[in-house]
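Asker:
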Amino acid sequence: MCGIFGAINKRESFNREHYLKFIQLTDSVAYRGPDSSGYKAINTRTNRIDENCFNVFLGHRRLSIIDLSNDGNQPMSIDKFHLIYNGEIFNYIEIREELKNEGVNFISESDTEVIIKLYEKHSEKSFDKLNGMWAFILVDTRNNKVIISRDRFSIKPLFLYESDHAIYFSSEIKQLLPLLESIEVNSNSIYNYIQQSLVDFNEETFFKNVYRVPPATTISIFLNDYKKEYTKYWDYHFEESLTEKQSFEKFLYLFEDSVRIRLRSDVEVGSLLSGGLDSSAITLKANKYLEQGISSFSVISNDKSISEEKFIDILIKKANVKCFKLSIEDKDIINNLSKTIFAQGEPFPTFSVVAQFSILEKIKTQSDIKVVLSGQGGDEILLGYLKYYFFYLKNLAIGGKLKRLSYEILGSLFNKTILHQFNIQLAKRYIPFMNKKSFQFLLAEGNNEKIWSSHLISQK
248 MCGIFGAINK
258 RESFNREHYL
268 KFIQLTDSVA
278 YRGPDSSGYK
288 AINTRTNRID
298 ENCFNVFLGH
308 RRLSIIDLSN
318 DGNQPMSIDK
328 FHLIYNGEIF
338 NYIEIREELK
348 NEGVNFISES
358 DTEVIIKLYE
368 KHSEKSFDKL
378 NGMWAFILVD
388 TRNNKVIISR
398 DRFSIKPLFL
408 YESDHAIYFS
418 SEIKQLLPLL
428 ESIEVNSNSI
438 YNYIQQSLVD
448 FNEETFFKNV
458 YRVPPATTIS
468 IFLNDYKKEY
478 TKYWDYHFEE
488 SLTEKQSFEK
498 FLYLFEDSVR
508 IRLRSDVEVG
518 SLLSGGLDSS
528 AITLKANKYL
538 EQGISSFSVI
548 SNDKSISEEK
558 FIDILIKKAN
568 VKCFKLSIED
578 KDIINNLSKT
588 IFAQGEPFPT
598 FSVVAQFSIL
608 EKIKTQSDIK
618 VVLSGQGGDE
628 ILLGYLKYYF
638 FYLKNLAIGG
648 KLKRLSYEIL
658 GSLFNKTILH
668 QFNIQLAKRY
678 IPFMNKKSFQ
688 FLLAEGNNEK
698 IWSSHLISQK
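To convert a position in the sequence shown, counted from 1, into the working numbering, add 247.
1) Going along the chain, which residues of its own chain have a beta-carbon closer than 6 Å to the beta-carbon of residue 708, five neighbours each way excluded?
2) Establish whether the CB of residue 346 and some CB of chain B are separated by less than 7 Å.
3) What are the partner residues of residue 393, as DSSP defines its beta bridges?
4) Which partner residues does residue 546 have in the DSSP bridge list?
5) List the whole-angstrom C-beta distance separating residue 337 from residue 392, where the pair is believed to meet the contact cut-off of C-beta under 8 Å.
6) Look up residue 528 in the DSSP assignment and say whether it is helix, strand or coil.
7) For the structure I just gave you, are there three or more beta carbon pairs, one from the segment 603-621 and one from the segment 533-553, closer than 8 Å?
8) Given a cut-off of 7 Å, decide if residue 403 and residue 333 are closer than it, judged by their beta-carbon atoms.
9) If distances are taken between C-alpha atoms only, which option among 383, 406, 265 and 481 comes closest to residue 372?
10) If we count the other Cβ atoms within 10 Å of its Cβ and call it buried at 16 or more, is residue 359 buried or exposed?
11) Is it right to say residue 307 is buried, meaning 16 or more other beta carbons lie within 10 angstroms of its own, or is it exposed?
12) Taking a contact to mean a Cβ-Cβ separation below 7 Å, would you say residue 355 touches residue 398 in this structure?
13) When burial is assigned at 16 or more other CB atoms within 10 Å of the CB, is residue 267 buried or exposed?
14) Return the CA-CA distance between residue 454 and residue 436, expressed in angstroms with no decimal places.
15) Applying the 10 Å Cβ sphere with the 16-neighbour rule, what's the burial state of residue 459?
16) Could you pull the start and end residues of the beta strand (DSSP E) that residue 351 belongs to?
17) Taking the alpha helix (DSSP H) that residue 312 belongs to, which residues open and close that run?
18) Determine the extent of the alpha helix (DSSP H) in which residue 434 is found, giving its start and end residues.
19) If contacts are defined as beta-carbon pairs under 8 Å, then residue 384 and residue 251 qualify, I think. What distance do you get, rounded to the angstrom?
20) Which residue marks the beginning of the alpha helix (DSSP H) containing residue 505, and which one marks its end?
21) Between 248, 311 and 299, which has its C-alpha nearest residue 513's C-alpha?
22) Taking the alpha helix (DSSP H) that residue 257 falls in, what are its first and last residues?
23) In this structure, does DSSP put residue 319 in helix, strand or coil?
24) Can you tell me whether residue 669 is buried or exposed, with buried defined as 16 or more other CB within 10 angstroms of its CB?
25) Can you tell which of 535, 554, 579 and 368 has the C-alpha that lies nearest to the C-alpha of residue 522?
26) Could you tell me the alpha carbon to alpha carbon distance between residue 284 and residue 304, rounded to whole angstroms?
27) Out of 535, 550, 575 and 576, point me to the one whose CA is closest to residue 565's CA.
28) According to DSSP, what are the bridge partners of residue 250?
29) Check this for me: beta carbons of residue 526 and residue 519, under 7 Å apart or not?
30) Look up residue 616 in the DSSP assignment and say whether it is helix, strand or coil.
31) Secondary structure at residue 553, three-state DSSP: helix, strand or coil?
32) Pull up the distance between the alpha-carbon of residue 264 and that of residue 530, whole angstroms please.
33) Which one of 325, 364 and 330 has the shortest CA to CA distance from residue 343?
34) Do you know whose CA, among 496, 325, 587 and 504, lies nearest residue 533's CA?
35) Let's see if you can read the secondary structure: which residues bound the alpha helix (DSSP H) around residue 360?
36) With a CB to CB cut of under 7 Å and the five nearest residues on each side skipped, what residues in its chain are close to residue 709?
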């Protein structure tokens, strides 16, 4: 993952003191991007880079995954466009080829440049073409505006704080806290957390005046009057219901394509293998597509009654998968509790977040793997937990409105159960199940038995 920070002055100009402060705030999350750093102070009124007099700041900490050369460093500036970006555009190769056919030239192999060139050619209306996970800030001095965008499923974090004189964006809340006039807790979030165990289900955070940028949203900030325009660049739609055979064949194609496209990387990709259906299916497909095979990581419990080691052993033997078995002990959880709290920046719903932190920390210290595939999202999008079945029954009874409610349920439950694990700054994780085409397809199948993971996933 990477770390980003952006600032927009609404009144006058930032000065050298602000510039140094913003560098500190960018570097406060250096663990998100240890490979390189970059900062840019832009005076959009004069179209100059000026560290002593500017109205827009962009700061970036890079974790290099695509195009490891300096050509991929950020902020990336091309002509009158400047971009900082956290995430991955998985279909950047296809978009690059489309743009080349339209006469667009490229100077790097990075997906970052693809975002700029796509915007330059087709504006923010083209963001629905992007297949991936992202949070980015793009300064367009040609049209005197700043574009903020976040991926469809809120996988990549992006926070916003607006004061009387400025607007700030960041990857983590802790970057914004020094800028607040006063730090106050949000009583609504506290209530929802304590009474209902709800977190991340809307734009509010645990801090007053600090908000999340909504998913599948583009915010256009016009620098002449600093008005903000929110636009949804994507919404789900449904296809015709298919036969069981057609459903299986289409799901298999979408699943395999989702795994395959996430293996595009200039660094080695690993996988998290729990022994369950979701992670096993992902690991098998990834191992098939990678010539050298995939390195998987499994946590083995000392408690044999809950250990899934036997299922892991069956898979790695049958498919000849490289597997590194890890042990997470009680002392690891205790030692990592304060680290996890610092990393998350807000209360989290379950202790499993600490366990996930511990797993990724071991992967980081015991290997050179920067990227891992994860089965997270499978149970959410396929309604694999028993508790989701009651939503299913309820909505069958009230007139077939499962499709609409499924979208709302999946959005909130995905945030609640998964997003907190994406602020763990130890490795970048790709989640093949949270893919736009798969999501739309599975919602279309939501009103019959074909949606349940035991029916589809087990056949992969």
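The C-beta atom is built at its ideal place from N, Cα and C for all residues, glycine as well.
Answerer: Well, looking at it:
1) The requested residue 708 does not occur in the structure, where the chain is confined to residues 248 to 707.
2) The question asks about chain B, but that chain is absent: this structure has only one protein chain.
3) On the sequence shown, position 146 is the one that residue 393 refers to. According to DSSP, which records beta bridges pairwise, residue 393 is partnered with 386 and 468.
4) As a position in the sequence shown, residue 546 is number 299, starting the count at 1. Partner(s): 573.
5) Here residue 337 corresponds to residue number 90 of the sequence shown, with the count starting at 1. Here residue 392 corresponds to residue number 145 of the sequence shown, with the count starting at 1. Not a contact, Cβ separation roughly 27 Å.
6) Counting from 1 along the sequence shown, the entry for residue 528 is found at position 281. DSSP places residue 528 in helix when its eight states are reduced to three.
7) yes
8) To locate residue 333, count along the sequence shown from 1; it is residue 86. To locate residue 403, count along the sequence shown from 1; it is residue 156. Yes, the Cβ-Cβ distance between residue 333 and residue 403 is below 7 Å.
9) Along the sequence shown, read from residue 1 onward, the residue named residue 372 stands at position 125. If we check each option's Cα against that of residue 372, 481 comes out closest.
10) Indexing the sequence shown from 1 puts residue 359 at position 112. Answer is buried; the Cβ neighbour count reaches 16.
11) Along the sequence shown, one-based indexing puts residue 307 at 60. It counts as buried.
12) Indexing the sequence shown from 1 puts residue 355 at position 108. Indexing the sequence shown from 1 puts residue 398 at position 151. Contact: no.
13) Here residue 267 is taken as the residue at index 20 of the sequence shown, counted from 1. Classification of residue 267: exposed, given that the 10 Å Cβ count is below 16.
14) Numbered from 1 along the sequence shown, position 207 holds the residue referred to as residue 454. Numbered from 1 along the sequence shown, position 189 holds the residue referred to as residue 436. Residue 454 and residue 436: Cα-Cα distance of roughly 8 Å.
15) The count along the sequence shown starts at 1 and reaches residue 459 at position 212. Flag for residue 459 reads buried.
16) For the purposes of this step, residue 351 is taken as residue 104 along the sequence shown, with counting starting at 1. Segment: none, residue 351 is in no beta strand (DSSP E) and carries neither H nor E.
17) The residue given as residue 312 occupies position 65 in the sequence shown. Unbroken run through residue 312: none, as it is neither H nor E.
18) As a first step, residue 434 must be located in the sequence shown, where it is residue number 187. Counting along the chain, the alpha helix (DSSP H) containing residue 434 begins and ends at 434-443.
19) Taking the first residue of the sequence shown as position 1, residue 384 is located at position 137. Taking the first residue of the sequence shown as position 1, residue 251 is located at position 4. Confirmed, Cβ separation roughly 7 Å.
20) For the purposes of this step, residue 505 is identified with residue 258 of the sequence shown, where counting begins at 1. Run containing residue 505: 491-508, per the alpha helix (DSSP H) assignment.
21) Numbered from its first residue, the sequence shown carries residue 513 at position 266. Considering only alpha carbons, the answer is 311.
22) Position 10 of the sequence shown, counting from 1, holds the residue named residue 257. Taken as a continuous stretch (DSSP letters only), residue 257 belongs to no alpha helix (DSSP H), as it is neither H nor E.
23) Numbered from 1 along the sequence shown, position 72 holds the residue referred to as residue 319. Looking at residue 319 - three-state DSSP - the assignment turns out to be helix.
24) To locate residue 669, count along the sequence shown from 1; it is residue 422. The predicted model places residue 669 with a pLDDT of 44, which falls under 50 and marks its position as unreliable; any figure quoted below should be read in that light. With 16 or more Cβ atoms within 10 Å of its Cβ, residue 669 is classed as buried.
25) Sequence index remark: in the sequence shown, residue 522 carries index 275 (1-based). Cα-wise, what sits closest to residue 522 is 554.
26) Residue numbering aside, residue 284 sits at position 37 when the sequence shown is read from its first letter. Residue numbering aside, residue 304 sits at position 57 when the sequence shown is read from its first letter. Those two C-alpha atoms are separated by around 14 Å.
27) For this step, residue 565 is matched to residue 318 along the sequence shown. Out of 535, 550, 575 and 576, 535 has the C-alpha closest to the C-alpha of residue 565.
28) Translated into positions along the sequence shown, residue 250 becomes position 3. DSSP lists 308 as partners of residue 250.
29) To locate residue 526, count along the sequence shown from 1; it is residue 279. To locate residue 519, count along the sequence shown from 1; it is residue 272. Cβ atoms of residue 526 and residue 519: closer than 7 Å.
30) The count along the sequence shown starts at 1 and reaches residue 616 at position 369. Reduced to three states, the DSSP call for residue 616 is coil.
31) Indexing the sequence shown from 1 puts residue 553 at position 306. Correct three-state label for residue 553: coil.
32) Counting from 1 along the sequence shown, the entry for residue 264 is found at position 17. Counting from 1 along the sequence shown, the entry for residue 530 is found at position 283. Answer to the nearest angstrom: the Cα atoms are 49 Å apart.
33) Working through the sequence shown from its first residue, we reach residue 343 at position 96. Checked all of 325, 364 and 330; the closest Cα to residue 343 is 364.
34) Counting from 1 along the sequence shown, the entry for residue 533 is found at position 286. Measuring from the Cα of residue 533, the nearest candidate turns out to be 504.
35) Taking the sequence shown and counting its residues from 1, one reaches residue 360 at position 113. Residues 358-369.
36) The chain is shown only over 248 to 707; residue 709 falls outside these bounds and no answer can be derived.
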